[in-house]
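In our numbering, the protein residues as written are 114 to 455.
Glycine included, every Cβ here is placed at the ideal spot set by N, Cα and C.
As structure tokens, the structure follows; a few thoughts come after it.
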Ligand code: PHE
């Protein structure tokens, strides 16, 4: 009779469960407290005949042990669940903690972007020295000796040796590549250049250019135009228009200045483009046959185009920077604004 009752209580304990504090308390009242079914089993002892007391006592103690163990198990379970629920209380929409990081200089970012665009259409990269000789900076590029064209670019010469100068343009790299490589040549030369100019919002004695050169059989002006159209659209956006204005450079014939439609007003005219709707980004042209010959390339078989652009100029247009000096002053308030270019 007792046996049966005890077995029923045992299986009820085994099956018992609790999901929260209320259910835990219900379990405690049912199986642990003095007035619980287990408590009642203890109270029953006094009604048991003496010779059965020992055996009965053992059975009841087993039930109590079972009930206690289960109680502890349920407490642990409910605690673990509430801990987990608390950790879900995190507000994931809170702004992230600010981690100070550096940024890429706008000129570096612009140079990188230009390189990317041209690399994707098959241009490789080339570099040359910043301290150049007369041949690579002028003579090979068809600047006749004592010709006023040399005055176009105010050159820093080395006093003791007029043959050596700081390069005034990256076109000098064009000469070096043609001297050392056979066509087809498709190369891009970014680099620092120097000109003896008074520093102002629009001019600096140190700045950066990127020169492009393409020499092969049957290269024509249409190739030059298409390449620069592609560049302008990739760099400044689909809507950008390109205009070529006849110009003069000793090393190209014909020569053209490259303008793009003003990014600010889209061509309507504003103070950035001085009302014209166009802004200049560089020079270009078909490589003069004399230059090809000076570099050991057969000008009857090969033709080529070249272009040169100012990296500062492009960065100023792209990021609407009004003063060139900002690039070299390293004012963090300026540089900070380009942190997203990382
Ligand atoms: N080297 C020229 C300059 O610095 C730019 C240029 C490059 C023009 C290539 C034509 C072709 O002004």
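Which whole-angstrom value is the C-beta distance of residue 241 and residue 322, which I expect to be below 8 Å? Rounded, the Cβ-Cβ distance is 12 Å, inconsistent with contact.
Taking the straight line between their C-alpha atoms, what separation do you get for residue 202 and residue 150? 39 Å
Are the C-beta atoms of residue 432 and some chain B residue less than 7 Å apart? Among the chains in the structure shown there is no chain B, since it carries only a single protein chain.
Are residue 250 and residue 278 close, meaning C-beta to C-beta below 7 Å? yes
Closer than 6 Å: is that where the CB of residue 423 sits relative to any heavy atom of the ligand PHE? no
Express the C-alpha separation of residue 303 and residue 239 in angstroms, rounding to a whole number. 8 Å
With a threshold of 8 Å, are at least 3 pairs of Cβ atoms found where one atom belongs to the region 434-449 and the other to the region 304-321? yes
Environment of residue 142 [buried if 16+ CB atoms lie within 10 Å]: exposed
Can you determine whether any heavy atom of the ligand PHE sits closer than 6 Å to the C-beta of residue 396, and answer yes or no? yes
How many angstroms separate the CA atom of residue 392 from the CA atom of residue 386? 6 Å
Assigned exposure category for residue 297 - 16 Cβ within 10 Å defines buried: exposed
Among 285, 430, 126, 136, nearest to residue 374 - alpha-carbon criterion: 430
Near the ligand PHE: residue 269 beta-carbon under 6 Å from a heavy atom: no
Three-state class that DSSP yields for residue 242 in the structure shown: coil
Quick test of the definition: if touching needs 3 or more C-beta pairs under 8 Å, does the region 225-233 touch the region 282-296? no
DSSP three-state label for residue 402, please. helix
Under three-state DSSP, which class holds residue 322? strand
Is residue 184 helix, strand or coil when you go by DSSP? helix
Going by the DSSP bridge assignment, what does residue 371 pair with across the sheet? 357, 395
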